[in-house]
Every structure is written in C-alpha cells, then in structure tokens.
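Numbering (this note's numbering), first residue to last: 8 to 309. Ideal Cβ placement from N, Cα and C applies to all residues, glycine included. All of these numbers come straight from a predicted model, not from anything done at the bench. I have placed the structure first, in the form of structure tokens, so that the comments after it can refer back to it.
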Ligand SMILES: [Zn+2]
C-alpha cells in the first residue's frame, strides 16, 4: 500500500463519544446522557443485560447511533445439519452444498443513483453550501448501499452458521482478483471477505467449526460423486457430464459439494494428528460465557 502524508480529521467524517457508568442512564427505554439530556430513540432490539457503557456515533451521512456494551450468555442450540460447503460467486452469491442457491441483492439501481450524485457533487464549488448538501446526499446513498449489503450478509451467515456444525468455505485470493479492473467493483461489492469473517466470528459464538480450504484445491475439477478428476474447465462451461460415472454436474453445485468434502476431511485429519485442535475449541467455549456484544440502534436527529 502506498503511504501518504497524514491528513487532518474532518468534521464531516465519523465522530463518536463514549459515556461510561454514571455518564448515562436508561429509564423506561429512554436514554439519558450527562449534559445532553433525554434522547429520542428507536430501538433495534431490547438490551439483553445492563450495559456498561454507551458510544454515541454520528456517521458521515449525519445519522446518529447508540452502541451499548453488554454482556451476553451464549445460545448453544445444536445444529440441525452436520456440515455444509459454500461456493461463492458473483451473480449467485452463494451455492450451498445442500443444493440451495442464494442470489446477490441487486445494487444496480442504487449504483446508478450514486454515480449521478457523485457527478453533481464534483461540479459544485469548493466550500459552497450546495456542495455540502450534495456530499450529504452521496453519503446517504452510499450508506444505504452498505446497509443493504450488510443486512444480506448478516442474515445469510447467521442462518448458515446456526443450521450447520461444520462450515467450509474456499479461500479466495480477493486482493489478487481486485487487480482485475473490470471485475474489481463487482467483487468488492459482493463482500466475500466480509462474509467469511462474519461466518468465522459467528462460528465462535455458536461453537461451530469453521474451515477454510486452500485456494489451490481443485474444487471445480473433481467430480463430487466419484472423485474423478476431469481437469481445468473454461469459466463459460456451467455444466459437465462426468466421464467416469456419467452424472450431469452443475459447476457451482459440484464445487460447493467438493468444498464440503475437503473441509470435513481437514477436520478429521487434525483430529487424528494432534490434540491442539481440541484444546482450542474448549478454550473458545470457556470464553463464550463472558462474550461481549455491542447492540446498535438508530437515533433520530436530536
Ligand atoms: Zn463422477
């Protein structure tokens, strides 16, 4: 990464202030902050326990949030499914080895709006009031897009992790792929890396096993039914009839099933070779009992 000169903080960027115990109180769902007063709040969810501190955040789109630090006890619901493999793509965001295909939300309309607003913004005179108004509009649109992506990724990862005991993903060389200029926007918008870290964190929370298999594993070159290796396929080939067992395989479907097989294989390997893996897992579940989570909610402008 190129290193530049330090920049001054901008007032329009994200700002936050933290209130510890004594600096805030909550009575009948009303938040009182020292020296500020009562706030009009919209709660995203009820607080699971007494918060130890609260952070007030104002983002660059002029939205206010309250983020509480609370202690939660882990929900240890057993998984209904043993394992799952996930193949990530662009158009179909995720192909699950259960046969399900999850489409990516459509960002095209928002993207067009952002492009237009950004164009208008760049034509405004620096320091002008109308420029500031336009900056806010761009920031609001971008925030909407981010929210849409996050909502989608959170919902999918929570569902996948809570339903399965072992979750296998493929390690994608994201930074290498971003160098492809024609695809970089679509790839960074899809949020593969974000999805991976969400699954990773949630697996800890639900005490599941999360496996990432090597990117050099030939998942789309091997039949998931008989293990026959047919070799490299052009990206345009979406389906293939296995030369060995004669079954018609969908490319993504086959890859997700292979990811599951390889991922589960990795776990058996590590179980056989050492106890290191086991101790790590028990350490994690001990940690879970004092897991800290932040609860965020939206505030009206106050
Ligand atoms: Zn086969």
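Counting only residues of its own chain and dropping the five nearest sequence neighbours on each side, residue 246 has a CB closer than 8 Å to the CB of 255, 256, 257, 258.
With a cut-off of 6 Å, the C-beta of residue 233 is classified as near ligand 1, since at least one heavy atom of the ligand falls inside that distance. Counting only the Cα atoms, residue 148 lies some 13 Å from residue 66. Counting only residues of its own chain and dropping the five nearest sequence neighbours on each side, residue 89 has a CB closer than 6 Å to the CB of 172. For residue 206, the uninterrupted alpha helix (DSSP H) run begins and ends at 199–212, by DSSP. For residue 203, the closest C-alpha among the options 36, 242, 93, 9 is that of 93. For residue 206, the shortest C-beta to heavy atom distance toward ligand 1 is 6 Å or greater.
Secondary structure of residue 64 (DSSP, three-state): strand.
When DSSP states are grouped into helix, strand and coil, residue 159 belongs to the helix group. Judged by DSSP secondary structure, residue 122 falls within the alpha helix (DSSP H) whose first and last residues are 115–130. For residue 181, the enclosing alpha helix (DSSP H) starts and ends at 181–184.
DSSP links residue 165 through a beta bridge to no other residue.
A contact between stretches requires three or more CB pairs, one per stretch, nearer than 8 Å, and the segment 72–88 fails this requirement with the segment 148–165.
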